[in-house]
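Shown next, in structure tokens, is the structure this report addresses.
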Amino acid sequence: PTTDTAWVHTDDLVTGEAVALELPPASIGSRVGSGLVDLLVGAIALLLLWTAWVAGLSQIGAGADSALLRAVSVLVGVLVLIGIPVASETLTRGRTLGKKLVGLRTVRDDAGPITFRHAMARGLTGVVEIYLFQGIPALVCSLLTVRSKRLGDIAAGTYVIRERVAVRIPPLVHMPPELAAWAAAADLGTAPEGL
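Here the numbering used here is used: position 171 in the sequence shown is 171, and no number is missing along the way.
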């Protein structure tokens, strides 16, 4: 790096105003934790939708068509596996309930908020890598990429950041007693012209 950019790390995002932002990527453990919460929410939604469907069937009677039963089952599955996560990430600009509880957010590679297109790419890829293959491709990919991206993040051009970062403020420097009299009388205004 040149001397002008020596302060910029390779993982930092540099804005148009030449400000380097350090957005720490989420750890694999926090992503798994938020994913488990989202999985629990999906299971509860699936249970509620299925209960409502069974209650509706009892109203229709036993003469319901088997093709209709299969179609509604597929629709409920798509709604729970793709619809709820995509709608949640789109409406909350990258946060599902699990991410909100853990303190994470999904952002674009340029650190902007995600849109429906990004959420849909993540959701569709997530069905394959998380549900079909029990999350093994997501875990392996997260271990191999710099920002802990899963395949859905690579496809969508996103990554997950930690929003709650502990800031460590250094302790205050106390005035040495031998300089206290000088500091009380010191003029900290502009320096004289000749100086």
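Note that CB positions come from ideal geometry on N, CA and C, so glycine has one too.
By the CB criterion at 8 angstroms, residue 130 and residue 119 fall outside the cutoff.
In the three-state reduction of the DSSP assignment, residue 107 falls in the strand class, which pools E and B. When C-beta atoms of the segment 172-185 are compared with those of the segment 34-52, fewer than three pairs fall below 8 angstroms, so the two segments do not count as touching. Taking a 10 Å sphere around the C-beta of residue 112, we find fewer than 16 other C-beta atoms and assign the residue as exposed. With a threshold of 16 other beta carbon atoms within 10 Å, residue 148 meets it and is buried. Restricting attention to 180, 98, 53, 117, the CA atom closest to the CA of residue 76 is found in 53.
Taking the C-beta atoms as reference points, residue 156 is found nearer than 8 angstroms to residue 121. In this structure, residue 161 places its C-beta atom within 8 angstroms of the C-beta atom of residue 26. For residue 162, no alpha helix (DSSP H) run applies; the uninterrupted beta strand (DSSP E) run containing it begins and ends at 158-162, by DSSP.
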